[in-house]
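Enquirer: Structure incoming, see below.
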Amino acid sequence: MKMMIIAWFELRRMATSRSVLINQFLLPLILIFILGNALSGWFGNDQEYQQEPIRVGFVGSPADKGQLPESIQALTSMPGIQDIVIQQTAASREEVEDKLRRDDLDYAVVIPEYFDERIGQGAEVKLELLPGRNHDLNLVADTIFKTFIADVNHGQAQAVVMGAERMLAVPATASAAYEGPKVEIGELSEKGTTYTAAQYFAASMLIMFLLYSGLMASSSLLGERESRTLFRLQSAPVTPGTIFAGKIIGCSLITIAQAAAIVLGSQWMYGVKWGPYPLLLMAVCLLITLASMTLATLITLVSSTAAGARGLMQAIIIAMTFVSGGFMPLPVEFFHKIGAFTVNHWAMQSMLRMMLNSDIHLIMTCIGMLAVIAAFLSAAAMVTYRKVGYHA
Amino acid sequence: MAVFLQMKDVVKRYGGKLSVDHMNLEVNEGEIFGLLGPNGAGKSTSIHMICGLLPKDQGSIKVDGILIEEQPLEVKRRIGLVPQDLALYEEMSAWDNVVFFAKLYGLRGHLLKERVEEALEFVGLQDRAKERPSTFSGGMKRRLNIACSITHRPKLIIMDEPTVGIDPQSRNHILESVKTLNRMGSTVIYTSHYMEEVAAISDRVAIMDQGHVIACGTQQELRARVAHEERIILTAEGITPDLVEELTIHPRVKRVIHHDNEIEIYVPSAQDELQDILFICSRHHATLSSLQCEEPGLETLFLSLTGRTLRD
Chain A
75 MKMMIIAWFE
85 LRRMATSRSV
95 LINQFLLPLI
105 LIFILGNALS
115 GWFGNDQEYQ
125 QEPIRVGFVG
135 SPADKGQLPE
145 SIQALTSMPG
155 IQDIVIQQTA
165 ASREEVEDKL
175 RRDDLDYAVV
185 IPEYFDERIG
195 QGAEVKLELL
205 PGRNHDLNLV
215 ADTIFKTFIA
225 DVNHGQAQAV
235 VMGAERMLAV
245 PATASAAYEG
255 PKVEIGELSE
265 KGTTYTAAQY
275 FAASMLIMFL
285 LYSGLMASSS
295 LLGERESRTL
305 FRLQSAPVTP
315 GTIFAGKIIG
325 CSLITIAQAA
335 AIVLGSQWMY
345 GVKWGPYPLL
355 LMAVCLLITL
365 ASMTLATLIT
375 LVSSTAAGAR
385 GLMQAIIIAM
395 TFVSGGFMPL
405 PVEFFHKIGA
415 FTVNHWAMQS
425 MLRMMLNSDI
435 HLIMTCIGML
445 AVIAAFLSAA
455 AMVTYRKVGY
465 HA
Chain B
331 MAVFLQMKDV
341 VKRYGGKLSV
351 DHMNLEVNEG
361 EIFGLLGPNG
371 AGKSTSIHMI
381 CGLLPKDQGS
391 IKVDGILIEE
401 QPLEVKRRIG
411 LVPQDLALYE
421 EMSAWDNVVF
431 FAKLYGLRGH
441 LLKERVEEAL
451 EFVGLQDRAK
461 ERPSTFSGGM
471 KRRLNIACSI
481 THRPKLIIMD
491 EPTVGIDPQS
501 RNHILESVKT
511 LNRMGSTVIY
521 TSHYMEEVAA
531 ISDRVAIMDQ
541 GHVIACGTQQ
551 ELRARVAHEE
561 RIILTAEGIT
571 PDLVEELTIH
581 PRVKRVIHHD
591 NEIEIYVPSA
601 QDELQDILFI
611 CSRHHATLSS
621 LQCEEPGLET
631 LFLSLTGRTL
641 RD
């Protein structure tokens with residue numbers, strides 16, 4: 075009963091604080107809006123990717139009288155590639171260079187003389203590849219032509235090993251009939267495959283700000299000590315454990331209200347779809363709240379000042395958010411490995427999978443990992459509380 | 331009168347240092363008990379132990395016959411502590427502050443409302459109940475600090491230096507409140523390093539120094555211990571070391587304390603020695619601006635017991 079009196083009073087104190095209302099309720103929604111709009115280009119938009127055509131200039135050798143070798147013609151007429159590569163011929167290297175500079179071409183290939191003959195003789199062949207200004211188009215064109223050269227050289231090596239008669243068949247490798255793509259794109263869950271920037275940052279900001287509620291709890295616990303109100307509280311017929319638990323419950327109630335505000339606010343204002351599992355989403359929010367409060371407990375008990383605790387808590391939250399890709403998806407493997415040990419990573423995975431309507435066992439695996447981390451933090455907080463206590 | 335608080339052989343150490351050194355004390359039910367001593371004498375530490383806020387290292391403390399280590403919450407229910415530092419939630423109204431602490435003592439419903447109104451009226455803040463303490467003066471905050479401790483009508487009210495840093499009007503209000511609370515049936519322990527305050531309201535007084543109770547009794551009993559000394563306070567321009575020296579070596583002067591333009595002279599009888607003292611001052615060309623003769627008080631007792639003044 076007294077625990078709930080303290081919790082309710084804590085809730086009321088927080089609710090009267092303008093900074094709590096702004097930082098915990100308004101700021102996350104603003105950040106979701108800003109990040110979701112600013113970084114929307116980094117995320118899928120639920121539509122299939124369409125490759126832009128690439129204007130490729132080919133420079134044949136004078137020895138071939140400007141004619142493109144058969145192997146190259148076979149390559150550019152392959153299904154799939156002929157839709158991407160818009161073939162243009164040029165008389166000289168200088169001409170294609172000039173066109174690349176003026177953006178009249180996206181990419182150029184300079185073919186050495188006697189290209190097909192060299193292939194026929196089993197000699198090593200190379201193409202001179204000149205990239206244009208568009209990085210993405212260069213990447214696609216590089217892939218096409220480098221793969222072609224690699225295939226040719228691979229075929230020649232095979233022929234050398236397996237016999238001369240096979241060498242005659244080598245040019246046919248490049249011009250072999252198209253047998254369709256060797257890789258098929260499937261969907262593991264046969265459900266959604268991608269999420270929007272607003273969804274990604276809504277999840278990331280929800281997690282980060284729920285963790286920030288721990289900062290609020292830590293400041294409140296240490297604030298009682300610094301303002302000497304803890305002294306008076308402890309002179310009342312209440313145990314220190316009741317005071318501590320009451321304050322943590324009060325902060326947790328604020329955190330749950332905050333989670334509801336962010337989820338409903340982002341859904342209503344920005345159309346963020348949180349997926350078809352509201353109860354699981356609630357469970358994830360409760361686990362994050364538990365992790366946040368236990369982290370706050372640990373930091374509060376080992377810190378002597380509110381300022382010190384605030385600094386430490388902020389550093390931990392920001393570091394966890396960063397390595398788990400909460401500010402932006404990180405392509406570095408190292409961060410992925412570290413991120414797997416954070417609350418943010420598993421909370422994020424749970425939410426994103428819910429948004430993608432993934433299979434329930436995948437979602438439950440992520441929630442299970444989050445629960446394990448929260449349980450570990452809770453155990454550590456309990457042990458620390460027993461050792462250190464909460465005193466004026 | 332029944333003993334309400336009993337401390338027996340209580341010891342408290344901080345690190346290796348003794349803060350309270352084998353302290354024995356008894357406070358009777360219904361009295362105002364003054365605990366006097368300089369800063370660092372061990373008053374606050376003793377109070378924290380009585381309230382169960384600090385564990386003692388040795389000895390026993392009984393409140394209303396209950397051992398504190400056996401039933402700490404029962405003991406706390408009987409005590410209303412007015413802490414030395416203001417302990418208020420500045421962002422909540424005066425009303426909310428008092429209600430919150432009253433609820434922790436188990437008050438509910440109509441009784442809660444009645445007691446909170448009563449407490450705020452008692453400290454003269456009923457008209458400011460809806461305002462936040464951040465808008466209050468220092469004296470008003472001190473009064474609210476008291477209101478938060480008395481809603482449950484504690485049998486023992488402990489006031490730990492409740493008048494630190496406030497204006498004379500609020501100080502008088504607080505001292506009157508202490509007397510009223512006592513008349514209403516509460517036993518009061520009042521700690522201060524202001525001798526005048528303790529002398530004005532206390533039935534019995536204990537003087538603490540360096541963790542010990544060095545004297546304890548009614549004011550009359552304590553004064554009787556230094557009845558052989560009276561104090562003459564001279565304020566003068568032109569006090570020289572030679573003047574102080576000559577006063578010190580006077581055969582019937584016991585002690586001379588010199589601060590700036592003031593000299594305190596302790597003699598067996600002010601009436602008998604005054605003429606001699608004025609003559610010495612005149613010989614050293616000191617121009618007197620005031621002269622005061624005092625009968626022995628608690629300050630004198632403290633000085634005679636420790637060789638120091640309370641404010642040293």
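From first to last, the protein sequence lines are chains A and B. Here the first sequence is numbered in our numbering, starting from 75 and rising by one per residue. Here the second sequence is numbered in our numbering, starting from 331 and rising by one per residue. All C-beta atoms in this analysis are idealised placements derived from N, C-alpha and C, irrespective of residue type, glycine included. All of these numbers come straight from a predicted model, not from anything done at the bench.
#1: I'd like the ranges of any beta strand (DSSP E) spanning at least 3 consecutive residues and lying wholly in the stretch 480-531 of chain B.
#2: What's the gap between the Cα of Gln388/A and the Cα of Ser292/A?
#3: Does Ala89/A come within less than 8 Å of chain B when only Cβ atoms are used?
#4: Under 9 Å between beta-carbons, which chain A residues line up against Glu567/B? List them in chain order, please.
#5: For Gly382/B, is the classification buried or exposed, using 16 other Cβ atoms within 10 angstroms of its Cβ as the cut-off for buried?
#6: Count the other CB atoms within 10 Å of the CB of Gly469/B; is the residue buried (16 or more) or exposed (fewer)?
#7: For the beta strand (DSSP E) that contains Arg458/B, what are its first and last residues?
#8: So, does the stretch 358-376 of chain A touch the stretch 125-144 of chain A, judging by three or more C-beta pairs under 8 Å?
#9: Looking at chain A, is there any beta carbon in it that lies within less than 8 Å of the beta carbon of Phe632/B?
#10: In terms of residue numbering, what span does the beta strand (DSSP E) encompassing Met538/B cover?
#11: Output yes if chain B places a C-beta closer than 8 Å to the C-beta of Gln308/A; else output no.
#12: So with CB distances below 8 Å, who are the chain B contacts of Val337/A?
#13: Which of helix, strand or coil does DSSP assign to Lys411/A?
#14: Can you tell me whether Asp180/A is buried or exposed, with buried defined as 16 or more other CB within 10 angstroms of its CB?
#15: Comparing the C-beta of Val342/B with each C-beta of chain A, is any distance below 8 Å?
#16: Can you check the stretch 355-399 of chain A for any alpha helix (DSSP H) of at least 4 residues that lies completely inside it and give the ranges in chain order?
#17: Between Ala424/B and chain A, is any beta-carbon pair separated by less than 8 Å?
#18: Taking 8 Å as the cut-off, decide whether the C-beta atoms of Ile537/B and Gly367/B are in contact.
#19: Using 8 Å as the threshold, is the C-beta distance between Cys623/B and Ile562/B below it?
#20: Of all Cβ atoms in chain B, is any one closer than 8 Å to the Cβ of Lys321/A?
#21: Does the beta-carbon of Ala197/A, which I'm using as the reference point, lie nearer than 7 Å to any heavy atom of the ligand MG?
#22: Measure the CB-CB distance between Val535/B and Gly364/B and report whether it falls below 8 Å.
#23: May I ask you to report which of helix, strand or coil DSSP gives Ser205/A?
#24: Drop a sphere of 10 angstroms on the beta-carbon of Thr217/A, count the other beta-carbons inside from all chains shown, and report buried for 16 or more, exposed for fewer.
#25: For Val312/A, does the count of other Cβ atoms within 10 angstroms reach 16, so buried, or fall short, so exposed?
#26: Pull up the distance between the alpha-carbon of Lys485/B and that of Gln456/B, whole angstroms please.
#27: Evaluate Ala164/A with the Cβ neighbour count: other Cβ atoms within 10 Å of its Cβ, from every protein chain shown; 16 or more gives buried, anything less gives exposed.
#28: Quick one: grab the DSSP three-state call for Cys611/B.
#29: Listing by chain order, which chain A residues have their CB less than 8 Å from the CB of Leu411/B?
#30: Please list, in chain order, all residues of the same chain as Met279/A whose beta carbon is under 6 Å from its beta carbon, the five residues on each side excluded.
#31: Residues of chain B with CB under 8 Å from Ile79/A, in chain order?
#32: Assuming Val574/B and Thr630/B are in contact, meaning their beta carbons sit under 8 Å apart, how far apart are those beta carbons, in whole angstroms?
#33: Rounded to whole angstroms, what is the Cα-Cα separation between His580/B and Met489/B?
#34: Quick one: measure Cβ to Cβ for Lys460/B and Ser390/B, integer angstroms, because I've assumed they're closer than 8 Å.
#35: Counting C-beta neighbours from all protein chains within 10 Å, is the total for Ala332/B 16 or more, i.e. buried, or is it exposed?
#36: Can we say the stretch 408-416 of chain A touches the stretch 424-438 of chain A, given the rule of at least three CB pairs closer than 8 Å?
Expert: Straight from the coordinates:
#1: Here the runs fully enclosed are 486-490 and 517-522.
#2: Computed Cα separation, rounded: 11 Å.
#3: no
#4: By Cβ distance, chain A contributes nothing, its closest Cβ being about 45 Å from Glu567/B, past 9 Å.
#5: Under this definition Gly382/B is a buried residue.
#6: buried
#7: No beta strand (DSSP E) contains Arg458/B, which DSSP labels as neither H nor E.
#8: Verdict: no, contact absent.
#9: No - not a single Cβ of chain A is within 8 Å of the one on Phe632/B.
#10: Element bounds for Met538/B: Arg534 to Asp539.
#11: yes
#12: Residues of chain B passing the Cβ test: none, with the nearest at roughly 28 Å.
#13: helix
#14: With 16 or more other CB atoms across the displayed protein chains lying within 10 angstroms of its CB, Asp180/A is buried.
#15: Before going on, a small fix: residue 342/B reads as Lys here, not Val. Not one chain A Cβ lies under 8 Å of Lys342/B.
#16: 380-397
#17: no
#18: Yes, Cβ-Cβ distance for Ile537/B and Gly367/B is below 8 Å.
#19: yes
#20: no
#21: The model depicted lacks the ligand MG and carries no ligand whatsoever.
#22: yes
#23: For the sequence presented, residue 205/A should be read as Pro rather than Ser. Pro205/A: strand per DSSP, three-state reduction.
#24: Counting Cβ neighbours within 10 Å, Thr217/A comes out exposed, since fewer than 16 surround it.
#25: buried
#26: 24 Å
#27: buried
#28: helix
#29: Arg306 and Ser309
#30: Pro102, Leu105 and Ile106
#31: Phe430, Lys433 and Leu434
#32: Not quite, the Cβ-Cβ distance comes to about 19 Å (not below 8 Å), so this is no contact.
#33: 43 Å
#34: With 8 Å as the limit, Lys460/B and Ser390/B do not qualify as a contact, their Cβ atoms being about 45 Å apart.
#35: exposed
#36: no
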